[in-house]
Amino acid sequence: MTDAVQTPSSAGQFTKRVFSGIKPSGGLTLGNYLGAIKRFVDMQSPEFETVYCVVDLHAITVWQDPSELKTATREVAAGYLASGIDPTKSILFNQSQVSQHAELGWIFNCVTRVGWMNRMTQFKDKAGANSENVSLGLYAYPSLMAADILLYHATHVPVGDDQKQHVELTRDIASKFNHDFKADFFPLCEPVIEGPAMRIMNLRDGTKKMSKSGESDMERINMTDDADKIAKKFKKAKTDPEALPETLEGLKGRPEARNLIDIYAALSDQTSEAVIKEYAGAGWGRFKPALADLAVDKLAPISTEMSRYMDDPAEIDRILADGAARARAIAAPILDKTYEIVGLLK
Ligand code: TYM
């Protein structure tokens, strides 16, 4: 580990440190796996220090049943571990055990402008017509997300496409803080949004994102689904009557078909171009069973491993507590320095 508090002026001069997080609300989907967790596993390498979080303070921006929240927190941790996040290589913890997240979040609430928050499309989507009645936390959420990232001086933030705007806002918050306090302190982090799985879509409607909260279970693959369920959901996934074209161009206007090609590509570590080439001219009778087999092959062992972890909650809690202590060791000096820059008396 390098010195926790780094102060050079651009992200390029900081230790390459990855931070990302997942909310424990409503279970993990194939979207979370391919858009996030699988890529987090790939980034565990000597090139990066990797810090991965179960962001429970974000989950409570909408109502969570307290006992279900504990289970959901352990389940996200189990999903990370079962997919290959190695607690000896990465720091893995839940956000609320490191109080510095909430403290830096407050500082950033005082830096962030209301006008910036009003432009957050995810808030608009989530609040919908009900925006007067949602929690203040849901509105301030992107400022806490910036704190999550900047508390570690993270330089790289792997996320799915839906989080891009929030990572860009994090850069704006870092810039404004550095400018207002004339302190070259927070790095401008890079969103890492690449590969075929940046936006996995609903299996029943290819124009909607696959999410934890969709109405029907057939719309999504859950990371806890067993082999039979995974195969059944792919075989019943909505498609169209046409065969697969020779190029991705030919999939324009066919969102369900494009989504299944992208899922196949991400699961098999290929590009979508390579997959369409391999299956050019194939009908769904050939492609869907191949996809179902591939998905079962890759996902069923993870689901089995997740339930093994879930049978031992004490072990999960031990891993999270250990990760939290290591996270605090990086976060505390960065928060202390932030307080000093802001002029808060110790
Ligand atoms: P969350 O919990 O909604 O999602 C976790 C991660 O999964 C990605 N994802 C998807 N990727 C592709 N296709 C999909 N259908 C799909 N659904 C979800 C998300 O893009 C995300 O990367 N605000 C964040 C959590 C967060 C965070 C952070 C992330 C809090 N603090 C700091 C990065 C850094 C969220 O709600 O993600």
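When the letters of the sequence shown are read in order and numbered with the numbering used here, they come out as residues 227 to 572. No residue lacks a Cβ here, since even glycine has one placed at the ideal position from N, Cα and C. These numbers come from a predicted model, not from an experiment.
Reduced DSSP category for residue i - H, G, I as helix; E, B as strand; rest coil
| i | result |
| --- | --- |
| residue 255 | strand |
| residue 417 | strand |
| residue 278 | strand |
| residue 522 | helix |
| residue 360 | coil |
| residue 230 | Confidence is the limiting factor: at residue 230 the pLDDT is only 45, short of 50, which leaves the residue's position unreliable and the question unanswerable from this model. |
| residue 427 | strand |
| residue 438 | coil |
| residue 235 | Since pLDDT at residue 235 reaches only 43, below the 50 mark, its modelled position is unreliable, and the value read off the structure follows with that caveat. Coil, per DSSP. |
Alpha-carbon spacing of residue i relative to residue j, whole angstroms
| i | j | result |
| --- | --- | --- |
| residue 346 | residue 294 | 28 Å |
| residue 428 | residue 566 | 47 Å |
| residue 541 | residue 279 | 17 Å |
| residue 453 | residue 525 | 8 Å |
| residue 503 | residue 470 | 9 Å |
| residue 549 | residue 307 | 13 Å |
| residue 547 | residue 323 | 8 Å |
| residue 260 | residue 423 | 6 Å |
| residue 515 | residue 483 | 14 Å |
| residue 257 | residue 331 | 27 Å |
| residue 271 | residue 312 | 11 Å |
Assigned exposure category for residue i - 16 Cβ within 10 Å defines buried
| i | result |
| --- | --- |
| residue 372 | buried |
| residue 386 | buried |
| residue 344 | exposed |
| residue 350 | exposed |
| residue 316 | buried |
| residue 362 | exposed |
| residue 340 | exposed |
Extent of the continuous beta strand (DSSP E) run through residue i
| i | result |
| --- | --- |
| residue 247 | 243 to 248 |
| residue 579 | In the structure as shown, the chain begins at 227 and stops at 572. Residue 579 is therefore absent and cannot be evaluated. |
| residue 384 | 382 to 384 |
Limits of the unbroken alpha helix (DSSP H) element including residue i
| i | result |
| --- | --- |
| residue 405 | 390 to 406 |
| residue 541 | 539 to 568 |
| residue 261 | Element bounds for residue 261: n/a, residue is neither H nor E. |
| residue 293 | 292 to 309 |
| residue 326 | 326 to 335 |
Count the C-beta pairs between the stretch 471 to 480 and the stretch 282 to 291 that are closer than 8 Å, then say yes if the count reaches three, no if not.
By the C-beta criterion, the stretch 471 to 480 is judged not to be in contact with the stretch 282 to 291, since fewer than 3 inter-stretch pairs fall below 8 Å.
So, does the stretch 515 to 526 touch the stretch 443 to 463, judging by three or more C-beta pairs under 8 Å?
Because the criterion of three Cβ pairs below 8 Å is met, the stretch 515 to 526 and the stretch 443 to 463 touch.
Counting Cβ pairs closer than 8 Å, one from the stretch 403 to 416 and one from the stretch 341 to 357, do we hit at least three?
Not touching, per the Cβ criterion.
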